[in-house]
Amino acid sequence: MASLAREALRRQQAFAAADEAALDGLIAVRPPAAEPRPEPVWDDARVLEHTDVGERYRRLLLSTGTIARTALAGQFLMITVPPSGGERILLPRPMAIHRRHPEAGTVEVIYGVSGRGTTALADVAVGAGLLVTGPLGRGFEFPEGARTALLIGRGVGVCAIMGSVEDAAARGIHATVVLSGRTLSDLIGVADCAELGAAVIPVTDDDGSSAIPALAARLWVEFRAAPPAVILVCGAGVLARLAAELGAEWGVPVQVSLEAHMACGLGYCHGCAAPVATDPETEGPLVCVDGPVFDAVLPAASR
2 MASLAREALR RQQAFAAADE AALDGLIAVR PPAAEPRPEP VWDDARVLEH
52 TDVGERYRRL LLSTGTIART ALAGQFLMIT VPPSGGERIL LPRPMAIHRR
102 HPEAGTVEVI YGVSGRGTTA LADVAVGAGL LVTGPLGRGF EFPEGARTAL
152 LIGRGVGVCA IMGSVEDAAA RGIHATVVLS GRTLSDLIGV ADCAELGAAV
202 IPVTDDDGSS AIPALAARLW VEFRAAPPAV ILVCGAGVLA RLAAELGAEW
252 GVPVQVSLEA HMACGLGYCH GCAAPVATDP ETEGPLVCVD GPVFDAVLPA
302 ASR
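Following the numbering used here, the numbering of the sequence shown begins with 2 at its first residue and continues without gaps.
So, in structure tokens, the structure goes:
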């Protein structure tokens, strides 16, 4: 058992290193947004549903009318986790808004149980209140006149792009969505995409279809006749690199949502620096306020 655990840890570390290297030189701050961001609120959101999603994730349905009505695609929440077993969870957890239901005044969040905070969050009962702050951050935007889009998400990274699938359905944009995960049962968003009329390309680790060469070949075939107008991606640095390579070949913009540990989500703590090269004398952009969505542009030397 110990050797299996060490091997799993080794794979995780190798994957994290590859993801970090894939983002090197790729990320750029986006031009000013076309529309102002909504003002964030602090809300005691009631938990209406708290259910399993597959074998690895949990889904929260939260009653928070202001956030449901104002949140833009790709924005996120900071969720304060209540004490569990006498232990206080000091820092809130950043989580992408998976779905927005403005008429019902609710939002959905999907998360993986992977650490102390999310383990405590998994114990929150239906009917309880959760302090949430949001909507936060710079989200995704479709270019003016876009009629098609390619969206790529892996694991809970799918949640960051699902708001854009909602927007595409509302605006008549044809969305093709790559859903990536370890197994078919792990895939997030299959039912959401069916509801929203988006085409789905499911890819998984267990059959090799999620491997970057295999996915790249599949997307080249899929968009051989006509490239999408924009590519939106979240969930892995290697996927962001692939998207940037495709974008460079097709001449289309690429936006990537970055994941980061955060203490506040509002830019006060300056703890979530984005991987953007800056002057050593100047503070660089922050994932929470300058992102989480950035442009992904392939470095000139890599083109």
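We treat Cβ as the ideally placed atom computed from N, Cα and C, and that holds for glycine.
This structure is a prediction, so every number in the text was calculated from the model and none was measured.
Check: Should the region 237 to 250 be called in touch with the region 16 to 26, which here means at least 3 C-beta pairs below 8 Å?
Finding: Yes: the two stretches touch, three or more of their Cβ pairs being nearer than 8 Å.
Checklist line | Nearest-angstrom Cα separation, counted from residue 50 out to residue 297 | finding: About 36 Å.
Check: residue 44 by DSSP, collapsed to three states: which one?
Finding: Of the three classes helix, strand and coil, the one that applies to residue 44 here is strand, per DSSP.
Notebook entry, point to check: With a Cβ-Cβ cutoff of 7 Å, do residue 134 and residue 64 count as a contact?
Noted result: Contact: no.
Note to self: Do residue 41 and residue 137 count as a contact pair if the criterion is CB distance below 7 Å?
What the structure shows: Cβ atoms of residue 137 and residue 41: closer than 7 Å.
Item checked: Beta carbon of residue 58 nearer than 7 Å to that of residue 98 -> The Cβ-Cβ distance between residue 58 and residue 98 does not fall below 7 Å.
Next item on the list: Take every Cβ of the region 80 to 91, pair it with every Cβ of the region 197 to 215, and state whether three or more of those distances are shorter than 8 Å.
Entry: Counting Cβ pairs under 8 Å, fewer than three are found: no touch.
Checklist line | residue 112 - partner residues in DSSP beta bridges | finding: Within the DSSP bridge table, the entry for residue 112 names 59 as partners.
Check: Given that a residue counts as buried once 16 or more other Cβ atoms are within 10 Å of its Cβ, and exposed if not, what is residue 154?
Finding: With a 10 Å radius around the Cβ and a threshold of 16 neighbouring Cβ atoms, residue 154 comes out buried.
Checklist line | Candidates 61, 95, 53, of which the one nearest residue 262 by Cα | finding: Its Cα nearest to that of residue 262, the residue 95 stands out among 61, 95, 53.
Notebook entry, point to check: Between residue 286 and residue 271, what straight-line distance do the alpha-carbon atoms span, to the nearest angstrom?
Noted result: Spanning the two alpha carbons is a distance of roughly 9 Å.
Next item on the list: Classify residue 279 as buried or exposed, calling it buried when 16 or more other Cβ atoms lie within 10 Å of its own Cβ.
Entry: Its Cβ having fewer than 16 others within 10 Å, residue 279 is exposed.
Check: So, are the CB atoms of residue 245 and residue 255 less than 7 Å apart?
Finding: A Cβ-Cβ contact shorter than 7 Å links residue 245 with residue 255.
Next item on the list: Go through its chain and collect everything with a Cβ distance to residue 275's Cβ below 7 Å, but skip five positions before and after it.
Entry: The residues are 28, 259, 285, 286, 287, 288, 291, 292, 295.
Checklist line | Opposing strand residues paired with residue 51 [DSSP bridges] | finding: Answer by DSSP bridge pairing, in chain order: 61.
Next item on the list: Could you tell me if residue 36 is buried or exposed, where buried requires 16 or more neighbouring beta carbons within 10 angstroms of its beta carbon?
Entry: Flag for residue 36 reads exposed.
Note to self: Using C-beta distances below 7 Å, list every residue in its chain close to residue 228, excluding the 5 sequence neighbours before and after it, in chain order.
What the structure shows: These residues qualify, in order along the chain: 251, 253.
Checklist line | Simplified DSSP state of residue 71, which is helix, strand or coil | finding: If DSSP states are grouped into helix, strand and coil, residue 71 belongs with the helices.
Check: Would you call the CB atoms of residue 235 and residue 161 closer than 7 Å?
Finding: Yes, the pair counts as a contact, with Cβ atoms nearer than the cut-off.
Notebook entry, point to check: To which residues of the same chain is residue 177 closer than 6 Å at the C-beta, ignoring the five residues directly before and after it?
Noted result: Cβ within range, chain order: 151, 200.
Next item on the list: Kindly confirm or deny that the region 163 to 177 and the region 68 to 77 touch, where touching means at least three C-beta pairs closer than 8 Å.
Entry: Contact holds between the region 163 to 177 and the region 68 to 77, because three or more Cβ pairs, one in each stretch, are under 8 Å apart.
Next item on the list: Report the rounded CA-to-CA distance for residue 172 versus residue 52, giving the unit in angstroms.
Entry: Looking at the backbone, the Cα of residue 172 and that of residue 52 are separated by about 30 Å.
Check: Which runs of the beta strand (DSSP E), 3 residues or longer, sit entirely within the region 135 to 209?
Finding: Within the region 135 to 209, the complete beta strand (DSSP E) segments at least 3 residues long are 149 to 155, 175 to 182, 200 to 205, listed from N- to C-terminus.
Item checked: Start and end residues, beta strand (DSSP E) containing residue 233 -> It spans 232 to 235 - the beta strand (DSSP E) in which residue 233 sits, taken as one unbroken run.
Check: On the three-state DSSP scale, how would you describe residue 101?
Finding: Correct three-state label for residue 101: strand.
Notebook entry, point to check: Would DSSP call residue 126 helix, strand or coil?
Noted result: Three-state DSSP puts residue 126 in coil, outside helix and strand.
Checklist line | Segment limits, beta strand (DSSP E) that includes residue 297 | finding: Start and end: 294 to 297.
Checklist line | Beta-bridge pairing of residue 81 - partner residues as DSSP gives them | finding: DSSP, once it has assigned bridges, lists 132 as partnering residue 81.
Note to self: By the three-class DSSP mapping on this structure, what secondary structure does residue 121 have?
What the structure shows: Of the three classes helix, strand and coil, the one that applies to residue 121 here is helix, per DSSP.
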